[in-house]
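The block underneath contains the structure these notes are about, expressed in structure tokens.
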Amino acid sequence: MTGIAARPISPGEYPQWNKLAAGDEAGTVYHDTRWLEAVSEALGDELVLLGFYSGDRLVGGLPFQVRRRAGLTMARRAFATPYSGPLCSPGLDETTLRALTAATESAAGQYSQFSISFAPFALPPDLGREWRRSERATWLIRLEDEGTMWGSLGHTLQKKIRRTGRRGVRVADGGDPEAFYGLYAATFARRGLRPPLSRESFARMTGRLVDGGLGRVYMASADGRPCAARLVLFDRRRAYCALSGFDPAQAHLRAGDCLMWEVMRSVSAVRDQMDLVGANLSGISEYKEKFRGVLCPYVEMTRWKTTVERVLIGFHQWATRSRRGSARA
Numbered sequence: 005m006t007g008i009a010a011r012p013i014s015p016g017e018y019p020q021w022n023k024l025a026a027g028d029e030a031g032t033v034y035h036d037t038r039w040l041e042a043v044s045e046a047l048g049d050e051l052v053l054l055g056f057y058s059g060d061r062l063v064g065g066l067p068f069q070v071r072r073r074a075g076l077t078m079a080r081r082a083f084a085t086p087y088s089g090p091l092c093s094p095g096l097d098e099t100t101l102r103a104l105t106a107a108t109e110s111a112a113g114q115y116s117q118f119s120i121s122f123a124p125f126a127l128p129p130d131l132g133r134e135w136r137r138s139e140r141a142t143w144l145i146r147l148e149d150e151g152t153m154w155g156s157l158g159h160t161l162q163k164k165i166r167r168t169g170r171r172g173v174r175v176a177d178g179g180d181p182e183a184f185y186g187l188y189a190a191t192f193a194r195r196g197l198r199p200p201l202s203r204e205s206f207a208r209m210t211g212r213l214v215d216g217g218l219g220r221v222y223m224a225s226a227d228g229r230p231c232a233a234r235l236v237l238f239d240r241r242r243a244y245c246a247l248s249g250f251d252p253a254q255a256h257l258r259a260g261d262c263l264m265w266e267v268m269r270s271v272s273a274v275r276d277q278m279d280l281v282g283a284n285l286s287g288i289s290e291y292k293e294k295f296r297g298v299l300c301p302y303v304e305m306t307r308w309k310t311t312v313e314r315v316l317i318g319f320h321q322w323a324t325r326s327r328r329g330s331a332r333a
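Residue 5 is where the sequence shown starts when you use my numbering, and the numbers rise one by one after that.
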């Protein structure tokens with residue numbers, strides 16, 4: 005079997021990593037180091053880009069963030085990152101591909117818990133039976149000319165978007181980071197939750213993504229008052245609807261519908277596909293379904309080092325959910 009050596013990639017080697025991600029059909033904007041660095045810094049987690057080498061050649065890689073709690077090490081996809089699957093160079097032979105799968109298994113075995121989410125654009129490798137498989141999904145929209153897209157929305161949604169416009173809602177490319185954070189935080193507050201990012205971390209992260217050419221903010225306002233916002237990310241293949249927020253006090257304006265339509269119109273000039281990123285909660289999935297995309301499944305795989313660590317992590321997660329539920333009550 006072809007020998008594969010695994011080692012962390014240094015910042016000076018990030019161009020090689022990004023080239024690998026751009027060349028692999030499984031690569032997404034969420035594999036880009038600009039995204040991964042920005043979200044890791046915002047959350048304070050440890051970013052690991054594990055490179056797989058055949059000799060001196062980078063032939064594969066695996067991105068993840070590490071969080072340590074009470075002696076447990078949890079390696080998982082980064083915050084707000086739906087896809088974290090391994091990368092590989094195109095055209096590799098079967099022997100090398102098997103070696104990459106073995107290297108992935110070996111890397112996972114070093115952590116108490118290890119999770120990988122495979123994008124719907126690629127098939128996951130044949131991992132061992134100790135991995136637990138979870139089915140997830142996202143909506144993908146084909147972006148065509150404006151008339152075709154408008155006609156696909158359906159009469160009811162068209163009426164809602166027109167009505168929103170008559171109520172004075174306008175969408176602009178760009179927006180005040182402070183206003184965006186206010187909408188983002190209000191979305192969590194509506195569910196009795198604290199936002200996972202501080203105001204400063206959120207502004208710094210979105211600023212880096214926009215300034216670095218990886219993202220664009222769209223904001224809907226009515227009478228000068230922001231009511232909905234969305235961060236859209238771009239790679240060379242498609243656009244991705246990432247972070248968003250809205251003002252529950254202005255929900256009657258239905259600004260989200262108008263915002264999504266204007267995002268579709270704008271993005272269609274530069275990409276022909278948009279990932280709405282996530283259909284794993286019924287309310288969110290039903291909202292996204294209105295825009296007539298295709299529901300695409302993808303797989304998340306998780307394994308634990310030992311049964312004891314699995315139980316301890318499960319208890320920690322249960323306790324965290326219980327504390328959040330008490331806070332909402």
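The beta carbon of each residue, even a glycine, is placed where N, CA and C say it ideally should be. Keep in mind that this is a model prediction, so the values were computed, not measured.
Check, Outcome
"Environment of Asp36 [buried if 16+ CB atoms lie within 10 Å]", "buried"
"Span separating the alpha-carbon of Asp239 from that of Leu218", "7 Å"
"Closest Cα partner of Leu91 within the set Gly113, Phe68, Thr77, Leu76", "Phe68"
"Beta-carbon gap between Gln162 and Ile317 smaller than 8 Å", "no"
"Residue span of the alpha helix (DSSP H) that contains Ile165, given as start and end", "159 to 170"
"Three-state secondary structure assigned by DSSP to Phe83", "coil"
"Outcome for Phe319 when other beta-carbon atoms lying within 10 angstroms are tallied against a minimum of 16", "exposed"
"Buried versus exposed, by CB contacts within 10 Å (16 or more), Ser121", "buried"
"Simplified DSSP assignment, three categories, for Pro19", "helix"
"Cβ-based burial, Gln254 [other Cβ within 10 Å; buried from 16]", "buried"
"CB contact check: Val63 to chain D, cutoff 8 Å", "Structure shown: chain D not included; a single protein chain is present."
"Counted within 10 angstroms of its Cβ, other Cβ atoms place Arg258 as buried (16 or more) or exposed", "buried"
"For Arg11, the first and last residue of its enclosing beta strand (DSSP E)", "9 to 12"
"Proximal residues to Pro301 (C-beta, below 8 Å), its chain only, five neighbours per side dropped", "Pro124, Glu139, Arg140, Ala141"
"Supposed close pair Ala10, Leu54 - CB separation, criterion 8 Å", "6 Å"
"As assigned by DSSP and simplified to three states, the class of Val281", "coil"
"Spatial neighbours of Ala333 in its chain, beta-carbon cut-off 7 Å, leaving aside the 5 residues before and after", "Below a pLDDT of 50, predicted positions are generally treated as unreliable, and Ala333, at 38, falls in that range; the measurement from the model is reported next regardless. None."
"Ser272 burial status per 10 Å Cβ neighbour count (16 or more: buried)", "buried"
"Coil, strand or helix - Gln321 by DSSP", "helix"
"Own chain partners of Leu187 with C-beta closer than 7 Å, once the 5 adjacent residues on each side are dropped", "Pro230, Ala232, Ala233, Gly249, Phe250, Asp251"
"Cβ separation of Tyr222 and Asp279, assumed to be a contact under 8 Å, to the nearest whole Å", "With a Cβ gap of about 16 Å, Tyr222 and Asp279 do not count as contacting."
"Backbone secondary structure at Asp177 - three-state DSSP", "strand"
"Three-state secondary structure assigned by DSSP to Gln114", "coil"
"Stretch-stretch touch, CB-based, cutoff 8 Å, three pairs: the segment 68 to 77 with the segment 12 to 29", "no"
"Contact set for Ser44: own chain, Cβ-Cβ below 7 Å, skip 5 residues either direction", "Leu51, Gln69, Ala82"
"Coarse secondary structure for Leu51, derived from DSSP in three states", "strand"
"Alpha helix (DSSP H) segment containing Arg203, residue limits", "203 to 215"
"Length of the line joining the Cα atoms of Gly151 and Glu293", "19 Å"
"Status (buried if at least 16 other CB within 10 Å, exposed otherwise) for Ser202", "exposed"
"6 Å Cβ shell around Arg314 - same chain, five flanking residues per side excluded", "Trp308"
"Nearest-angstrom Cα separation, counted from Leu235 out to Thr210", "8 Å"
"DSSP-derived helix/strand/coil call for Val312", "helix"
"Cβ separation of Ala226 and Val173, assumed to be a contact under 8 Å, to the nearest whole Å", "5 Å"
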